[in-house]
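As structure tokens, the structure follows; a few thoughts come after it.
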Amino acid sequence: MFEWDQDRYDGILARIHAMPAHVGETVCRIDEKKYLPLAEEVEEIYYEHPEGPYKGSKAELKQDEAYRSKKLVEKRRKVTFYGKVIQAAIDEVAAAGGGRVEIPEGNWCTGALELKSNVELHLSEGARLSFIRNKSNVFYPLRLSRWEGVECMNFSPFLYANGVENIAVTGEGTLDGMADEFNWMPWKFGYFGETDQEIQRQRLFSAGENDVPVEDRVFDDKTSTLRPPFIQFYNSRNIRIEGVHIENSPFWEINPVLCENVWVKGIHIETDLYNNDGIDPESTKDVLIEDCFFLTGDDCIAIKSGRNGDGRRIGVPTENVIIRNNKFANGHGGVTIGSEISGGVHDVYAMGNHFDSPNLDYPIRFKTNAMRGGILENVYVKDSVVNKARLAVVHADFFYEEGHHGDYLPRLANITIDGFRTAEGGSIDAKYAFYLKGFEDAPIENVTFRDMKLEGVKGEAVLANIKSLAYENVTVNGRKQPDQKIDIGAEGQILKA
């Protein structure tokens, strides 16, 4: 039975709170006269549909072949581009030893920006950084990136850093990726005559499995259909992201990779498109995510550590993660671990979260298989409210995607869900309370459900291949479950009580 480790929890908080967000006193505003010569007029290229925006849902669009088959119309407009202005301010502050770059009220068009050590990028109230829609290495140069858990040289993430420390993105302003159904997103499925990303996706995965040198895994603007993440900080430490609104991302929103000491506080994420994970700490140590709002087109929080062979090559787990006092308004999963999980995950503590969306498939989800592998252990979730969920409140399925086809059996162990309850007077409406399926030769181990009260679920549980499942004071649809510790076989039968 895995119990809450208060000493470890307190240690994570102490290290996060002790980090400097930035150092130095220099302040540069991007509207200062010295930067004005760097602003330039450029031509933005973007796309619209000949029939206008789609009026139905994403699911309806998937079925509407007539609408999807029409080619998009290329549009061009002149915009004032401030990318060189903002980067110059970042570089100046960094050279002076650190400080703050201020984005004042207004709409500022930019391309990719690279943060440097000891720099805080601050968006004032009413400020909007809009990222140009040109899918070009002129605006998004090649950068070392991890894309779905595999390293490559691809379009730069919109906000990027590599090998730095003491950086922050703060304020009450908005980061707008400008992605929509017609810009960046058509690559997801090859809609509107665009190239389907699956071709380049499989090329990347093949390169990862065959140990192609990372510098040779080049996906430039002549070939790439791999949509860049919005914020990806790489191999960096002491990172704070606080207060900002993030919307219209082409891909994952916040993805620290191989980082240490990451604090995300009070941000608002709203992008209901494709693969718009909210916050994905990947192979990262000491993470605090608190007081955030998520409305996403995929998982709200997805903890990761690399995919398949490339993830094992790097071999760095994500560890010491605290997730507290967040609201999950929409997304496939609330708190998800996986599926790019080959480096493993351990010691995740979640508390005080609120899950409320009829489109939220799983408040708590674990995703892996025999291709991903990975050791996933020591996860404690407590004192949270579930108002709506669609499929299962707690979900773990080793048969995800490739399932048992692989040589790397995963380990999922030491999971405690404590104090989950339905909102007062609410009805979850999920298909199941619990859905847990391990492998016969790699059962899920040591799961505890404690002090849970779930109302309005349509079925109680689907269970298979679990070693040591404990129920302690669990009520489902008003029916008290027997307090017991049991093993579950491949067909859901109780093997040992």
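Going by this note's numbering, the sequence shown opens with residue 8, and the numbers climb by one from there.
Glycine included, each C-beta is placed from N, C-alpha and C at the ideal position.
With 16 other Cβ atoms within 10 Å as the buried cut-off, status of Arg379: For this step, residue 379 is matched to residue 372 along the sequence shown. The residue is buried, with at least 16 neighbouring Cβ atoms inside 10 Å.
Q) Closest Cβ-Cβ distance between Gln70 and chain E: below 8 Å? A) Absent here is chain E; the protein component of the structure consists of one chain.
In its own chain, which residues sit with a C-beta less than 7 Å from the C-beta of Asn114, not counting the 5 before and 5 after it?
The residue you call residue 114 lines up with position 107 of the sequence shown. Within the same chain, Asn114 has close Cβ partners Arg135, Ser137.
Buried/exposed call for Thr244, threshold 16 Cβ in 10 Å: Numbered from 1 along the sequence shown, position 237 holds the residue referred to as residue 244. Note that residue 244 corresponds to Arg in the displayed sequence, not to Thr. By the neighbour-count rule (16 or more Cβ atoms within 10 Å), Arg244 is buried.
- Message: So, for Asn366: in the same chain, excluding its five sequence neighbours on each side, which residues have a beta-carbon less than 7 Å away from its beta-carbon?
- Response: Translated into the one-based positions of the sequence shown, residue 366 becomes position 359. So the list reads Asn337, Arg397, once near-sequence residues are dropped.
Taking the beta strand (DSSP E) that His24 belongs to, which residues open and close that run? As a first step, residue 24 must be located in the sequence shown, where it is residue number 17. From DSSP, His24 is part of no beta strand (DSSP E) but of the alpha helix (DSSP H) over 13 to 25.
What is the residue span of the alpha helix (DSSP H) that Asp98 lies within?
Translated into the one-based positions of the sequence shown, residue 98 becomes position 91. For Asp98, the enclosing alpha helix (DSSP H) has its first and last residue at 90 to 102.
Exercise. Given a threshold of 16 other Cβ atoms within 10 Å of its Cβ, counted over all protein chains shown, does Pro489 qualify as buried or as exposed?
Worked result: In the sequence shown, counting from the first residue as 1, residue 489 sits at position 482. The residue in question, Pro489, is exposed, as its Cβ has fewer than 16 Cβ neighbours within 10 Å.
Looking only at its own chain, which residues have a Cβ that is under 7 Å from the Cβ of Glu201, when we skip the five neighbours before and after it? Numbered from 1 along the sequence shown, position 194 holds the residue referred to as residue 201. Hits under 7 Å: Pro193, Trp194.
Item checked: Buried versus exposed, by CB contacts within 10 Å (16 or more), His402 -> Numbered from 1 along the sequence shown, position 395 holds the residue referred to as residue 402. The residue in question, His402, is buried, as its Cβ has 16 or more Cβ neighbours within 10 Å.
Beta-bridge pairing of Glu277 - partner residues as DSSP gives them: For the purposes of this step, residue 277 is taken as the residue at position 270 of the sequence shown. Answer is Glu254, Leu302.
What does Leu130 pair with, by DSSP beta-bridge criteria?
The residue given as residue 130 occupies position 123 in the sequence shown. Ile110, Gly178.
* Exposed or buried, what is Arg83 when buried is set at 16 or more other beta-carbons lying within 10 Å of its beta-carbon? -> As a position in the sequence shown, residue 83 is number 76, starting the count at 1. So Arg83 ends up on the exposed side.
Exercise for the section: Compare the beta carbon distance of Gly341 and Phe362 with 8 Å and say whether it is the shorter of the two. Expected result: Within the sequence shown, residue 341 is the residue found at index 334, counting from 1. Within the sequence shown, residue 362 is the residue found at index 355, counting from 1. Yes, these two residues count as a Cβ contact at 8 Å.
request  = Let me know the secondary structure DSSP gives Phe476 once reduced to three states.
outcome  = Translated into the one-based positions of the sequence shown, residue 476 becomes position 469. Per the sequence presented here, residue 476 reads as Leu, with Phe not at that position. Here DSSP, grouped into helix, strand and coil, assigns Leu476 to strand.
### Query
Val271 to Ala357, Cα distance in whole Å?
Counting from one through the sequence shown, the residue named residue 271 turns up at place 264. Counting from one through the sequence shown, the residue named residue 357 turns up at place 350. Distance between the alpha carbons of Val271 and Ala357 is about 14 Å.
Kindly indicate which three-state DSSP category Ile321 falls into: helix, strand or coil?
The residue you call residue 321 lines up with position 314 of the sequence shown. DSSP places Ile321 in helix when its eight states are reduced to three.
Inset, instruction - In angstroms with no decimal places, state the Cα-to-Cα distance between Gly445 and Glu409. - result: In the sequence shown, residue 445 corresponds to position 438, counting from 1. In the sequence shown, residue 409 corresponds to position 402, counting from 1. The straight-line gap from Cα to Cα measures roughly 14 Å.
**Asked** From this set, Ala186, Gly463, Arg457, Ala96, which residue's C-alpha is nearest Tyr387's C-alpha?
**Response** Residue mapping note: residue 387 aligns to position 380 of the sequence shown, counting from 1. Answer by Cα proximity: Arg457.
On the DSSP bridge list, what partners appear for Ser152?
Locating residue 152 in the sequence shown gives position 145, where the first residue counts as 1. Cys159.
* Asked: Can the beta-carbon of Gln207 be found closer than 8 Å to that of Ser231?
  -> As a first step, residue 207 is located in the sequence shown; it is residue number 200 there, counting from the start. As a first step, residue 231 is located in the sequence shown; it is residue number 224 there, counting from the start. Contact: yes.
DSSP three-state assignment for Asp490, whether helix, strand or coil: In the sequence shown, the residue the question calls residue 490 occupies position 483. In this structure, Asp490 counts as coil in the three-state DSSP scheme.
- So, helix, strand or coil for Arg75, using DSSP? Translated into positions along the sequence shown, residue 75 becomes position 68. Arg75: helix per DSSP, three-state reduction.
### Message
When you compare the region 275 to 283 with the region 47 to 61, are there three or more beta-carbon pairs, one atom per stretch, that lie closer than 8 Å?
### Response
no
Beta-carbon proximity check, Ser312 vs Glu347, cutoff 8 Å: The residue given as residue 312 occupies position 305 in the sequence shown. The residue given as residue 347 occupies position 340 in the sequence shown. In this structure, Glu347 lies closer than 8 Å to Ser312 by Cβ.
- Considering only the beta carbon of each residue, do Gln239 and Val221 sit closer than 8 Å? On the sequence shown, residue 239 is found 232 positions in, with the first residue counted as 1. On the sequence shown, residue 221 is found 214 positions in, with the first residue counted as 1. Against a cut-off of 8 Å, the Cβ pair of Val221 and Gln239 comes out as no contact.
- Query: How would you call Ala168, buried or exposed, if buried means at least 16 neighbouring beta carbons within 10 angstroms?
  - Reply: Residue numbering aside, residue 168 sits at position 161 when the sequence shown is read from its first letter. Around the beta carbon of Ala168, 16 or more other beta carbons lie within 10 angstroms, which makes this residue buried.
Compare the beta carbon distance of Ala96 and Val108 with 8 Å and say whether it is the shorter of the two. Reading the sequence shown from its first residue, position 89 is the one you call residue 96. Reading the sequence shown from its first residue, position 101 is the one you call residue 108. Cβ atoms of Ala96 and Val108: closer than 8 Å.
Is it buried or exposed for Pro44, if we count other Cβ within 10 angstroms and need 16 for buried? Reading the sequence shown from its first residue, position 37 is the one you call residue 44. Pro44 should be labelled exposed.
| task | Would you kindly work out how many angstroms separate the C-alpha atoms of Lys495 and Leu470, rounded to a whole number? | result | Reading the sequence shown from its first residue, position 488 is the one you call residue 495. Reading the sequence shown from its first residue, position 463 is the one you call residue 470. The sequence shown places Ile at residue 495, not Lys. If I take the Cα positions, the gap works out to 7 Å.
* State buried or exposed for Leu233, treating a residue as buried only when at least 16 other CB atoms are found within 10 Å of its CB. => Mapped onto the sequence shown, residue 233 falls at position 226. Answer is buried; the Cβ neighbour count reaches 16.
Q | Asn472 versus Thr482, Glu479, Ala449, residue with shortest Cα-Cα distance | A | In the sequence shown, the residue the question calls residue 472 occupies position 465. Ranking Thr482, Glu479, Ala449 by Cα distance to Asn472 puts Ala449 first.
Would Arg153 be called buried (16 or more neighbouring beta carbons within 10 Å of its own) or exposed? To locate residue 153, count along the sequence shown from 1; it is residue 146. Buried.
Enumerate, from N- to C-terminal direction, the unbroken beta strand (DSSP E) stretches of 3 or more residues contained entirely within the region 320 to 350. 325 to 331, 334 to 337, 340 to 344
Measuring straight from C-alpha to C-alpha, what distance separates Asp554 and Ala377? Residue 554 lies beyond the stretch modelled for the chain, which goes from 8 to 504, so this question has no answer here.
- Is the CB-CB distance between Thr177 and Glu127 below 8 Å? The count along the sequence shown starts at 1 and reaches residue 177 at position 170. The count along the sequence shown starts at 1 and reaches residue 127 at position 120. Contact flag set, yes.
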